[in-house]
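Colleague: Those protein sequence lines, which keep their order, are chains P, U and E. Per the working numbering, residue 1 is the first one in the first sequence, and the count goes up by one each step. Per the working numbering, residue 100 is the first one in the second sequence, and the count goes up by one each step. Per the working numbering, residue 739 is the first one in the third sequence, and the count goes up by one each step.
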Amino acid sequence: MNPVNYLYLAALLFTIGATGVLIRKNAIVLFMCVELMLNACNLAFVAFSRMHGNLDGQIIAFFTMVVAAAEVVVGLAIIVSLFRTRHSASVDDASLMKL
Amino acid sequence: MENLIALLIAAPLLGAVVLLCGGRRLDKTGHWLGTLLAAVSFGIGVVLFADMLGRGADDRTLTQNLYTWIPVEGFQADMAFQLDQLSMTFVLLISGVGTLIHVYSIGYMEHDERRRRFFGYLNLFVAAMLLLVLADNYLLLYFGWEGVGLASYLLIGFWQHKPSAATAAKKAFLVNRVGDMGLSIAIMLMFTTFGTFAFGPVFGAVGEASEGKLTAIGLMLLLAACGKSAQVPLQSWLGDAMEGPTPVSALIHAATMVTAGVYLIVRSAAVFNGAPDAQLVVTVVGAVTLLFGAIVGCAKDDIKKALAGSTMSQIGYMILAAGLGPIGYVFAIMHLVTHGFFKAGLFLGAGSVMHGMNDEVDMRKYGGLRKYMPVTFVTFGLGYLAIIGFPGLSGFFSKDMIIEAAFAKGGTEGWILGGVTLLGAGITAFYMTRVMLLTFFGEKRWQPTASDSGSAAGSGHEPHPHESPKSMTVPMVILAFGSVFAGAFFEIGERFLKWLEPVTGYSHGNPPVSAMTVTAATMVMLLVGVGIAWAMYGKRPVPVVAPRGSFLTRAARRDLYQDDFNHVVLVRGGEHLTRSLVYVDHSLVDGVVNGTAASVGGLSGRLRKLQNGYARSYAVSMFGGTAILIAATLLMRAV
Amino acid sequence: MSAVAATATSSGEAVQFWILGTVAVIGALATILMKKAVHSALSLAGTMIILAVFYLANGAYFLGVVQVIVYTGAIMMLFLFVVMLVGVTAADSLKETIKGQRWLAVLCGLGFGILLFAGIGHAGLGQFNGLGRINSAGHVEGLAQLIFTKYVFAFEITGALLITAAVGAMVLTHRERTERAATQRELAERRVRAGVQLPPLPAPGVYARHNAVDVAGLLPDGTPSELTVSKTLRARGQIRDVSSEALDDLKALEQRSAERLGREEASQ
């Protein structure tokens, strides 16, 4: 098997995650889809690390995880406060960005 | 000595500032202060005059440069004064007559609670007028020009509670604005042509400019003169300006301010000498106004308006003379000075009559006043004799010189202008005799309820004509002296001619007829005018209510339809122009603008459907965009 | 695993890839298609664990462990926690409300995926060098060397980022109390003034047989009273109706007792 398949898998997972972002209304699920996309990227990084024979890709993936953790913390806090004011976690309810 | 020049202006200016800012605590003393400062100015003028006489004819010009007013590279305007014989003449006239009228106003305005303010305005006027005649460049002259316009506006509308006075003030201001525009354009033209607007450099460089440029400058200066001096076509404001207090009419609208146009033209003699076409227009304007004012003066029953018509006509004489070039400059100024004396005297006399008649102005309701107001009668009568040119009095000399000069212009023009001035002399004799007869002779025609002019004090009571107080009669007497002797004084030994010649130049012209013939013709016209007036108003009783009169009379009563003309041509025309512009604006400009806006709006209305506010919709756009970017990248690499 | 190498992989890894890869894709699809957020979260956790295995297979041992501990352990638990906190809402319905959104999304996804695949297929991916040489000096030591030398600034900055995120989360979720907390006495007075429900709310559960909190207590006529169930369950519509069951039980009981009594009568 060619390790390039890992990249194809990463691309597939990323696409699924992106599509999920577009079709789900629940902000929490939406966030999960974003996490899925990040993980797909991480997989690609790891595969590239193996391809180039150095550890830089893994370091980048490591940083991605840290940033993702920070993002999740803040994002979920936003969802909670949004839920408190709107009593809903639907992204469609916060449709104030229109004329 | 030249340091005194600024003081000439500073004294009345100080008076204006103190009186206008001083508040009510000056109500009791303000008029004395104002009069004193005007007199101080006159005193300084006399000192300077004496000094000037002591020097040679070529060494009489004094200059004083206070400071640089506008110090811009290439655009230098100095706060600088120039006192030569021409300015000196005006200084003495303005401050002298001005002081007399200040004195007169003390009595005339005695019962007016805003007297302090009145004196403040008068002082402001004197200061501005002195600035006008003392300036050594056109920009500073323009400053003074606007200053007298402001003072005139304030004083015409002094009784602002009367709507007619407020309207008249506004009218005077607006009409003057047209003339002022001419002056500003003339100054700009001078600046572009000569690079300066100081008198000396401009007059020195006249020879280098083309005649077309000089003609343009001359015509613009003439427009300015027309506005300020009430010449056709900007004459309409002067009659209404009589709404102001009578001393104002005497000082500003007879003796001094309205002659500023004559001053401007004589001062700019160098420019006009280089532009014969402009000079011709000047003489035409003068001739037309001369007849216009005289005809209007014949029909008015309002004593002040009749005198206003007369003023217009006499200034027409001056403008005409100024348009004749070196032949007439000196006589224009000479007539200006003598006119300043007798017309101011006549106005003061009219004011005295009104003072005694409860502010009645309709001459048909006077009659037989010579018994009640002897001093006024005598002074007014002397002024009358002076203006019609009775032999020996000042008007005789000055007007005669202008008529001679008009003939001396030569050719057909000379005959026409001479004829017009002769005819004017006849009409002058007619309307002034009419005024005299209606006011002082005949039966008394005033009635118990005669006063309907709105004076609160005498309304409903029979007027008791009485002589005015000393403060009013003394200036009238002094001015009467001037009216009688000034002309002869100037004429004996050609003093005035020699005095002014270094400034304005003089040429004798080539008179086609002898001076004696002209004088004789003038006398004949005078006698004819007086005779007709006597036949119409002296022999038979005068009706209190004006008869309908001929067409010409009715036209003249309406100022020869000048206001109607202005209304039809300017107001209506302006309205039509505005309306059509509004139509174009609405249909074309707004059409394009609104069409653009509507199409953009319609397009946006469709585009905004994309802006549904759902984050996920926007995310789809982003995602699609990303896909397109990847496609583009791949495509570029494939290529 | 030290044989992680080269262009081709061992057949063991190939088998592992194809099986676990399929599971990962199924997990991802389940994440976006499951109706309930809890199920989505669990599916995602499964996918992440599989990804951890793939990390290990690619020689990223440290990252694989971190993935399990941090991602699956901490972050996904945080997700679950928030799901529980927020509860079930109407947003969970999969019904699409924006017109054309789903079609567009699927279309974009398909196009994106195809393009991505084409890109990877097109890319000149060189030799896979493998990590054998690098990892031979110690995997974690190698990572540490990079982090604390080449990437030390990025590392420090991520530290700052984490602190900021923690503070931010606290600020976002903190609610300032705008008025004094009501005392017991005030609460009681307020309740009396409102006059809606003076005594404590009735307890849930029926006849000692169904004493779960999601079972509404029955009124004397046998209908369930929603007052007895907690507000959250009521909002989620998670009330279990056992009234008919209870009545059936009652009927059966009466019947049995009647039989018993009848038999006893008969036996007498």
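Even glycine gets a Cβ: it sits at the ideal position worked out from N, Cα and C. Predicted, not measured: the structure shown is a model, and the values here were computed from it.
Return no unless some Cβ of chain U is closer than 8 Å to the Cβ of L38/P.
Modeller: Translated into the one-based positions of the first sequence, residue 38/P becomes position 38. Not closer than 8 Å to any Cβ of chain U, the Cβ of L38/P fails to qualify, so no.
Colleague: For Q175/U, list the residues DSSP reports as bridge partners.
Modeller: Taking the second sequence and counting its residues from 1, one reaches residue 175/U at position 76. DSSP lists P170/U as partners of Q175/U.
Colleague: Can you pull the DSSP bridge partners for R978/E?
Modeller: Counted from its first residue, the third sequence places residue 978/E at position 240. DSSP, once it has assigned bridges, lists V953/E as partnering R978/E.
Colleague: Whole angstroms are fine: how far does the CA of H565/U sit from the CA of T358/U?
Modeller: To locate residue 358/U, count along the second sequence from 1; it is residue 259. To locate residue 565/U, count along the second sequence from 1; it is residue 466. Cα to Cα, the separation comes out at about 33 Å.
Colleague: Restricting to Cα atoms, I'd like to know which of F217/U, V474/U and F441/U is closest to T134/U.
Modeller: Counting from one through the second sequence, the residue named residue 134/U turns up at place 35. Checked all of F217/U, V474/U and F441/U; the closest Cα to T134/U is F217/U.
Colleague: Tell whether a beta-carbon distance below 8 Å holds between L136/U and G114/U.
Modeller: Within the second sequence, numbered from 1, the residue matching residue 136/U stands at position 37. Within the second sequence, numbered from 1, the residue matching residue 114/U stands at position 15. Yes. Within cutoff.
Colleague: From I286/U to R214/U, what does the alpha carbon distance come to, in whole angstroms?
Modeller: Indexing the second sequence from 1 puts residue 286/U at position 187. Indexing the second sequence from 1 puts residue 214/U at position 115. Roughly 37 Å between the two C-alpha positions.
Colleague: Under the rule that 16 or more other beta-carbon atoms within 10 Å means buried, what is W131/U, buried or exposed?
Modeller: Locating residue 131/U in the second sequence gives position 32, where the first residue counts as 1. When all chains shown are included, W131/U counts as exposed.
Colleague: Mind listing the chain U neighbours of L842/E? Cutoff is C-beta to C-beta under 7 Å, in chain order.
Modeller: The sequence position of residue 842/E within the third sequence is 104, counting from 1. Simply V719.
Colleague: Just to check my reading of the structure: L321/U and V365/U have Cβ atoms closer than 8 Å, yes? What is that Cβ distance to the nearest angstrom?
Modeller: Within the second sequence, the letter at position 222 stands for residue 321/U. Within the second sequence, the letter at position 266 stands for residue 365/U. Actually they do not touch by this definition, with Cβ atoms about 12 Å apart.
Colleague: Decide yes or no for the touch test of the stretch 170-183 of chain U against the stretch 425-445 of chain U: beta carbon pairs closer than 8 Å, at least 3 of them.
Modeller: The stretch 170-183 of chain U makes no contact with the stretch 425-445 of chain U; the number of CB pairs closer than 8 Å stays below 3.
Colleague: Expressed to the nearest angstrom, what Euclidean distance is found between the alpha-carbon atoms of G871/E and G53/P?
Modeller: The count along the third sequence starts at 1 and reaches residue 871/E at position 133. The count along the first sequence starts at 1 and reaches residue 53/P at position 53. Checking the sequence shown, residue 871/E turns out to be Arg, not Gly. The alpha-carbon atoms of R871/E and G53/P are separated by roughly 8 Å.
Colleague: Would you identify the three-state DSSP class for Q330/U, choosing helix, strand or coil?
Modeller: Stepping through the second sequence from its first residue, residue 330/U is reached at position 231. Three-state DSSP puts Q330/U in coil, outside helix and strand.
Colleague: When burial is assigned at 16 or more other CB atoms within 10 Å of the CB, is C120/U buried or exposed?
Modeller: Working through the second sequence from its first residue, we reach residue 120/U at position 21. Exposed.
Colleague: What do you reckon, are the CB atoms on L900/E and A70/P nearer than 8 Å?
Modeller: Locating residue 900/E in the third sequence gives position 162, counting from the first residue. Locating residue 70/P in the first sequence gives position 70, counting from the first residue. Yes; because the gap between Cβ atoms is below 8 Å, this pair is in contact.
Colleague: Just the chain P side, please: which residues come within less than 8 Å of E751/E by C-beta, in chain order?
Modeller: Working through the third sequence from its first residue, we reach residue 751/E at position 13. For the C-beta of E751/E, the chain P residues within less than 8 Å are, from N- to C-terminus, M1.
Colleague: Skipping 5 residues on each side, what residues in its chain have a beta carbon closer than 8 Å to that of V72/P?
Modeller: Counted from its first residue, the first sequence places residue 72/P at position 72. Leaving aside the five residues that flank V72/P on each side, the residues in its chain whose CB is nearer than 8 Å to its CB run, in chain order, F31 and E35.
Colleague: By the three-class DSSP mapping on this structure, what secondary structure does P611/U have?
Modeller: Locating residue 611/U in the second sequence gives position 512, where the first residue counts as 1. If DSSP states are grouped into helix, strand and coil, P611/U belongs with coil.
Colleague: Using a Cβ-Cβ cutoff of 9 Å, what residues of the stretch 16-28 of chain P are near chain U? List them in chain order.
Modeller: A18, T19, V21, L22, I23, R24 and K25
Colleague: With L537/U and R463/U assumed to form a contact (beta carbons below 8 Å), what rounded beta-carbon distance in angstroms separates them?
Modeller: By 1-based counting over the second sequence, the position of residue 537/U is 438. By 1-based counting over the second sequence, the position of residue 463/U is 364. That belief holds up - the Cβ atoms of L537/U and R463/U are roughly 7 Å apart, short of 8 Å.
Colleague: Counting pairs of Cβ atoms below 8 Å between the stretch 811-825 of chain E and the stretch 692-699 of chain U, do you hit three or more?
Modeller: no
Colleague: Assuming contact is defined by CB atoms lying nearer than 8 Å, are L73/U and G153/U in contact in what I supplied?
Modeller: Since the displayed chain U opens at 100 and closes at 738, residue 73/U lies outside it and no answer follows.
Colleague: If you measure beta-carbon to beta-carbon, which residues of the stretch 696-717 of chain U are closer than 8 Å to chain P?
Modeller: R707, Q710, N711, G712, Y713, A714, R715 and Y717
Colleague: By DSSP's criteria, P962/E is part of a beta bridge. Which residues make up the other side?
Modeller: By one-based count along the third sequence, residue 962/E stands at place 224. Paired residue(s): L956/E.
Colleague: Give me the DSSP bridge partner(s) of F180/U.
Modeller: The residue labelled residue 180/U in the question sits at position 81 within the second sequence. The partner list for F180/U (beta bridge, DSSP) reads Q163/U and A234/U.
Colleague: Can you tell me whether DSSP reads N711/U as helix, strand or coil?
Modeller: The residue you call residue 711/U lines up with position 612 of the second sequence. Residue state, collapsed to three classes: coil.
Colleague: Can you find the residues in the same chain that come closer than 6 Å, C-beta to C-beta, to V347/U, ignoring five residues on each side of it along the sequence?
Modeller: Residue numbering aside, residue 347/U sits at position 248 when the second sequence is read from its first letter. Here the set comprises L254.
Colleague: Is there contact between the stretch 20-29 of chain P and the stretch 759-774 of chain E, where contact requires at least three CB pairs shorter than 8 Å?
Modeller: yes
Colleague: Under 8 Å Cβ to Cβ from N102/U, same chain only, skipping five residues before and after it: list those, please.
Modeller: The sequence position of residue 102/U within the second sequence is 3, counting from 1. Q163.
Colleague: Measuring only between beta-carbons, confirm whether M739/E sits less than 8 Å from chain P.
Modeller: In the third sequence, residue 739/E corresponds to position 1, counting from 1. With a pLDDT of only 41 at M739/E, under 50, the local geometry of the prediction cannot be trusted, and the value read off the model is given with reservation. Among the residues facing chain P, M739/E is not included, as its CB has no counterpart in that chain under 8 Å away.
Colleague: With DSSP as the reference, identify every bridge partner of D401/U, one or two as the case may be.
Modeller: Counted from its first residue, the second sequence places residue 401/U at position 302. Residue pairing by DSSP puts D401/U in a beta bridge opposite D461/U.
Colleague: Report yes if the CB atom of V202/U is closer than 8 Å to the CB atom of V477/U, and no otherwise.
Modeller: Here residue 202/U refers to the residue found at position 103 of the second sequence. Here residue 477/U refers to the residue found at position 378 of the second sequence. Result no, Cβ atoms of V202/U and V477/U do not sit closer than 8 Å.
Colleague: Inspect the CB distances between the stretch 491-498 of chain U and the stretch 452-467 of chain U and report whether three or more fall short of 8 Å.
Modeller: no
Colleague: Could you please tell me which residues of the stretch 881-893 of chain E, in chain order, have their CB closer than 9 Å to any CB of chain P?
Modeller: Along the stretch 881-893 of chain E, the positions whose C-beta sits under 9 Å from a C-beta of chain P are L881, Q883, L884, I885, K888, Y889, A892 and F893, read in chain order.
Colleague: Where does I757/E fall in DSSP's three states?
Modeller: Your numbering for residue 757/E matches position 19 in the third sequence. Correct three-state label for I757/E: helix.
Colleague: Consult DSSP for A791/U and reduce its assignment to one of helix, strand or coil.
Modeller: Lying before the first or after the last residue shown, residue 791/U is absent from chain U, which here runs from 100 to 738.
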